[in-house]
Each structure stands twice: as structure tokens, then as C-alpha cells.
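For reference, the structure is listed below as C-alpha cells.
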Amino acid sequence: MIGIPLTHILIFSLLLFAIGIYGALVRRNIIGILISIELILNAANINLIAFSKYTSPSPEMGQIFAIFVIAIAATSAAVGLAIVLALYRVRKTVYTDEVNLLKW
Amino acid sequence: MGAIESLRYFVPELILLGGAFAAFTLDFFLKQKKIVGEFAIFVIALAISFVEAPVKPLPLFSGMFYMDPFAHFFRYLALGAVAVTLLVSLGYGPLKKRYAGEFYGLFLLMAFALILVAAANNLLMIFLAVEFVSLLSYLLVGFLKDDPRSKEAAIKYLLFGTVCSGIMLYGMSLLYGAAGSIDLLTIGDVLFHPSMKPLAAAAVLFFFAGLGFKISMAPFHMWAPDVYEGAPTPVTAFLTVAPKALGFAVLMRVLGLTFWNYAPVWSPILVILSILTMTVGNITAVSQTNIKRFLAYSSIAQAGYILMGLAVFSQLGDESVLIYLLVYLLTNLGAFAAVTLVGEATQSDSLDAYAGLSERSPVTAAMLAVFLLSLAGIPPLAGFIGKYYVFAAAIQVNFITLVVVAAVNSIVAAYYYFRIIRLMYLVPASGPAFTAPSKALTAALWLMFAGVLALGIFPGFFLTRILG
């Protein structure tokens with residue numbers, strides 16, 4: 001069987017991770033930042049699955065890990081969106097630079 | 105040890121979990137939310153009474169958790185912190201509304217999560233437990249529904265926290281790839297091979313990002329002042345001590361079990377970060393005008409001192425971290441209990457509210473002064489014992505630069521702690537005397553006061569008991 005080499009998958013996941021970090025740093029919209037965070041978590045997921053397929057002596061561990069990460073990503077998105085909604089109700093904004101009551 | 109067999113040793117945690125859901129259920133039926141709070145304190149007391157010291161380290165749930173004296177120490181720390189926070193929140197005004205019942209239930213879940221953090225023994229459990237604590241903290245920070253500052257604090261905390269734990273997760277995935285296992289010890293064995301050095305160095309940095317956020321270590325401390333200022337005061341009190349202590353616990357476990365072979369790599373990094381953390385915290389604290397923000401920066405500085413103990417990586421260093429964490433927990437919870445009391449009486453967190461506090465409420469002023477002196481590390485208070493051990497650990501391994509910087513920092517810190525004390529005692533009062541505060545809040549204040557004095561005056565007696 002000719003598969004995709006492991007290095008390619010790792011480079012792909014690294015790119016995804018970098019895009020996620022970049023998005024989290026430069027996005028103004030809080031929803032956009034939450035999506036970037038999902039990218040970071042999924043980059044890690046791709047790593048876990050790739051390693052469990054190619055190198056690991058105990059492949060099931062990586063897969064279980066990935067499932068837990070998906071669950072955690074879902075819960076943090078739920079909590080995140082709930083807080084964004086609550087913030088929107090009191091401040092009428094979802095832009096990070098307009099959320100500026102607390103500083104120095 | 106299998107799952108069923110492990111349950112025997114997991115009784116306090118099961119009580120907490122059951123208690124949390126019972127609290128949520130009680131919340132449905134009770135109009136008087138205070139009772140839910142009292143029930144929560146009762147659950148914590150029940151859990152504490154069932155805690156038994158492990159005779160030998162127990163690998164619970166097929167080695168997922170490791171209940172050793174180390175985890176046992178943090179079990180008491182977590183339960184104590186949650187109990188005192190609950191006492192403080194019973195006397196906290198803005199909570200007396202519809203949602204207060206959930207607040208207490210979430211704190212019980214928090215106690216459960218914190219114990220899991222201390223006992224977690226593999227990458228998956230560390231990630232899950234740390235995320236569990238984080239998610240609960242985001243909710244608690246944003247708990248005041250109508251307060252825009254509380255909401256802002258929550259969103260800042262959430263964005264910072266999830267990015268940092270995402271980075272840590274990426275590091276974990278690389279470690280899993282290298283070792284083919286998620287067990288900390290097994291990974292440590294694999295990393296022993298010299299060819300693993302670049303990967304190990306990268307993984308350590310990923311861990312520093314994730315856990316450095318939790319302990320508010322210098323480049324990852326930006327969230328702390330905003331979150332601590334915006335959160336409800338009891339939650340701030342809790343966040344400055346418990347998640348921080350548990351962050352240190354995980355960091356110690358990971359560095360000690362997995363990266364012990366790479367101490368020459370991470371030890372200098374930690375020394376630099378420790379210096380950076382305490383300097384940033386102390387210098388910025390000087391110019392603050394809000395007491396919660398002021399204590400936030402002071403708590404960043406304290407994290408810098410605790411990092412010293414971690415950086416030296418010796419037996420004494422590890423013990424000094426535990427001692428400092430205990431001392432810091434008593435002192436900071438006490439200080440925040442006093443802040444809650446003053447905040448309740450004056451409806452203000454500004455430093456101006458503290459002018460002439462010695463006339464308006466002599467007992468509170470005296471206790472807050474003791475807590476601040478303890479934070480500054482003045483003998484014979486508990487804070488001095490903590491600083492003494494950390495400094496001793498650093499001198500023992502000849503980290504002289506670190507000790508000198510820390511000593512200079514302590515002097516800066518003493519300046520701003522004394523500024524508050526001057527404000528309380530030498531500036532004339534701006535308002536009438538306080539009416540009697542709530543009993544629970546007073547109890548929390550006296551408890552912490554007694555703890556600070558007792559640990560300061562009889563350190564040997566308590567420390568041998570705690571550390572065995």
C-alpha cells in the first residue's frame with residue numbers, strides 16, 4: 001500500500017497549527033479567534049492520529065486521545081460561545097479591541 | 105489497579121462529585137440559596153473526613169491517576185482553598201440572586217477537578233483535568249450576569265486560556281509520537297536517548313506555554329490583572345491560589361518524571377522566567393490604584409518566587425515549592441477575604457476605600473496588615489517561612505544571581521505593601537465605621553489569620569506534619 005508519508009502529514013499539521021496561532025493573534029472578531037483555536041486543537045488531533053497509524057506501538061491510545069480532544073473542543077466552544085453571547089448582551093460588541101474596560 | 109478496585113481509594117472525590125450534583129438539584133427546590141452554600145461546605149467537610157493518607161503510592165484506574173503523598177498534599181490544599189472560598193462567597197453581596205446555587209455547585213466540581221489535576225499521571229489525564237479546571241474557571245469568572253467587567257474578564261481568560269492549552273496539546277501530540285505512549289514515566293525513558301534532545305527541548309517549551317498560563321508566569325501573565333480585577337472577589341481569591349498551586353503541581357510532576365534528564369536545558373530558562381515574572385509583577389504593582397489589580401500583580405510576583413524553587417530542581421527546591429504554596433494560599437485567601445469585607449462595606453475596590461481603615465474597622469485593618477506583611481515576607485509570619493525555604497534552596501545550588509534579584513525584588517515589594525498599611529493607619533478615615541460583616545466571612549478571615557500566625561511562629565511543628 002502506498003500511503004501519504006508521515007512527514008507530509010506532520011508538515012500539514014504544523015501549517016494548520018501555525019495558521020491557528022496566526023488567526024488567534026491577529027483576528028479582531030472573537031468568533032474568529034474561537035475558530036482559530038479549533039484549528040490549533042485539530043492540528044494536534046491530526047498529529048495524534050497520524051502517529052497512532054504510523055509509529056505507535058499502542059495505536060488505540062492516540063485515537064482515544066483524539067476523541068477526548070474533540071469532546072473538549074466542543075465543550076470549550078460551547079462555553080466560549082455562551083460567554084460571547086453574554087458579553088454581546090451587555091456590551092453589544094464581539095470585537096476584541098472594543099472590549100477595553102479593564103486595563104492598566 | 106483496576107477501575108472497580110480503585111473506587112475504594114477514591115471516596116472523597118466521589119463525595120465531591122455526588123455533592124456537586126446534589127447541590128445543583130437542591131438549587132431547583134430552594135429559594136434560600138445560602139443553604140446550598142452551607143450544604144457545599146458540609147460536602148467539603150465530609151470529603152475531608154474521608155481523606156486517608158496513602159500508605160504507598162497507588163496507581164488508580166490502571167495507572168491513569170497516581171495517588172502519592174505529593175497528590176495527597178495537593179488534595180488537602182485544593183479542599184482547603186475551596187472551603188475557604190465558599191465561606192468568603194457566603195458573605196459576598198452581588199451573589200445573592202437567582203444563580204447563587206449554581207455558583208456553589210460549580211465550586212464543588214472545581215474541588216473535584218483540582219484533585220484530578222494533582223493526581224493525573226499521563227498526558228491525556230493532565231490535558232483533561234487542566235481543561236476541566238480552566239472551563240470551570242471561565243464560567244466562575246463571568247458569573248456576575250449584569251457586570252460588563254466580569255464578562256470582559258471571562259472572555260479574556262477564555263481566549264488566552266484555550267490558546268495556551270491548545271499549544272500545550274500540540275506539544276503533547278509530539279511527545280506521544282516520539283514515545284508511542286502517554287504515560288509520563290515511559291515518555292521520560294524514551295526521551296533519555298540523546299537523539300531525542302531537540303524534541304524534548306521543544307516539548308518543554310510547549311508545556312511552559314500551557315502551564316505557564318495557569319501559574320501566570322511572565323510572558324503568559326497578561327491575562328491575570330484583567331481577570332483578577334473583573335472577576336467576583338471570592339473567585340479572584342480562589343484563582344490566585346488554587347489553579348496556580350495545581351499548575352505548579354503538574355509542572356513539577358512533568359518536569360520531574362518526564363524531563364528530569366533535561367534539567368540543564370530547562371533550569372536556566374526557568375531561572376530567567378522566574379526573574380522576569382517577579383520583576384514585572386513587583387514593578388507594575390507599585391503604581392496600581394485598584395486593590396484587586398494590586399493584589400493581582402503581587403500574586404504574579406509571588407509566582408516568580410515559587411518558580412525559584414522549581415528552577416533549582418532539587419529535593420529542597422521541591423519541598424520549598426510545596427511550603428511556599430501552602431503559605432501563599434493562607435496569606436492570599438486571607439487578604440482577599442479582607443478585600444471582600446471592605447468591598448462589601450464600601451462598594452468599592454479602589455485603594456481610596458482603604459484610607460483610615462484602622463478607624464472604620466480596626467480588626468479588619470489589623471488582619472489585612474498582617475496578611476500584607478506576610479506577603480512581604482516579614483518574620484515571624486508565614487510568608488517569611490516560605491521565602492526562607494525558597495531562598496535556601498536557591499543558595500544551596502549556588503544560584504546567587506537569582507537570589508540577589510529576588511532579594512532586591514522583595515525590597516520593592518515591601519515598599520508597596522507598606523504603602524497600603526500606611527494608607528490604612530496614617531490617613532484619616534473618609535467614612536463611618538463598618539457595620540458587622542457576615543459570620544461566614546469573619547470566620548474565613550480569622551481562620552486564615554490563625555493559619556498565618558501558626559505557620560509563622562511554629563513552622564517546624566506544622567511542616568514536619570505536612571511533609572512527613
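Protein chains in written order, with my numbering: chain A, 1 to 104; chain B, 105 to 572. The beta carbon of each residue, even a glycine, is placed where N, CA and C say it ideally should be.
For A:L41, the uninterrupted alpha helix (DSSP H) run begins and ends at I30 to Y54, by DSSP. Taking 8 Å as the cut-off, the beta carbon of B:G535 is found closer than this to the beta carbon of B:T450. As computed with DSSP, B:D287 is found in a beta bridge with B:N226. Boundaries for B:L164: no alpha helix (DSSP H) harbours it, while the beta strand (DSSP E) harbouring it runs L162 to L164, taken from the DSSP string.
Contact check between the segment 271-291 of chain B and the segment 212-226 of chain B: three or more CB pairs, one atom from each, fall below 8 Å, which counts as touching. Its chain contains I33, S36 and T96 as the residues whose beta carbon lies nearer than 8 Å to that of A:R27, once the 5 sequence neighbours on both sides are disregarded; these appear in chain order.
A:I67 counts as exposed, since fewer than 16 other beta carbons sit within 10 angstroms of its beta carbon. Taking a C-beta cut-off of 7 Å against chain A, none of the residues of the segment 461-491 of chain B qualify. Straight-line measurement puts the Cα of B:I395 at about 23 Å from the Cα of B:A554. Rounded to the nearest whole angstrom, the CA to CA distance from B:M171 to B:L162 is 5 Å.
Contact annotation, B:E448 with B:G195: C-beta distance approximately 7 Å; criterion of less than 8 Å satisfied.
By the neighbour-count criterion, in which 16 or more other beta carbons inside 10 Å mark a residue as buried, B:T344 falls on the buried side. Only residues of its own chain outside the window of five on either side were considered, and among them P59, G62 and Q63 have a CB closer than 6 Å to the CB of A:S52, listed in chain order. Interface with chain B (8 Å Cβ-Cβ cutoff): A:V84 is included. Contact holds between the segment 481-500 of chain B and the segment 417-436 of chain B, because three or more Cβ pairs, one in each stretch, are under 8 Å apart. Closest in alpha carbon position to B:A353, among B:F310, B:A389, B:L430 and B:V294, is B:L430. A:I70 has a beta carbon lying at 8 Å or more from every beta carbon in chain B. None of the residues of the segment 196-209 of chain B has a beta carbon lying less than 7 Å from any beta carbon of chain A.
For B:M471, the enclosing alpha helix (DSSP H) stretches over residues P466 to A480. For the segment 360-387 of chain B, the beta-carbon criterion of a distance under 9 Å to any beta-carbon of chain A is satisfied by none of its residues. Looking at the DSSP output, B:F169 sits in a beta bridge with B:L164 and B:A224. For B:M528, the enclosing alpha helix (DSSP H) begins and ends at I504 to L530. For the segment 28-57 of chain A, residues whose beta-carbon sits nearer than 7 Å to a beta-carbon of chain B comprise I30, I33, I37, I40, L41, A43, A44, N47, L48, F51, T55, S56 and P57. Burial of B:L374 is indicated by the presence of at least 16 other C-beta atoms within 10 angstroms of its C-beta. Residues of chain A whose Cβ lies closer than 7 Å to the Cβ of B:D330 are, in chain order, L102.
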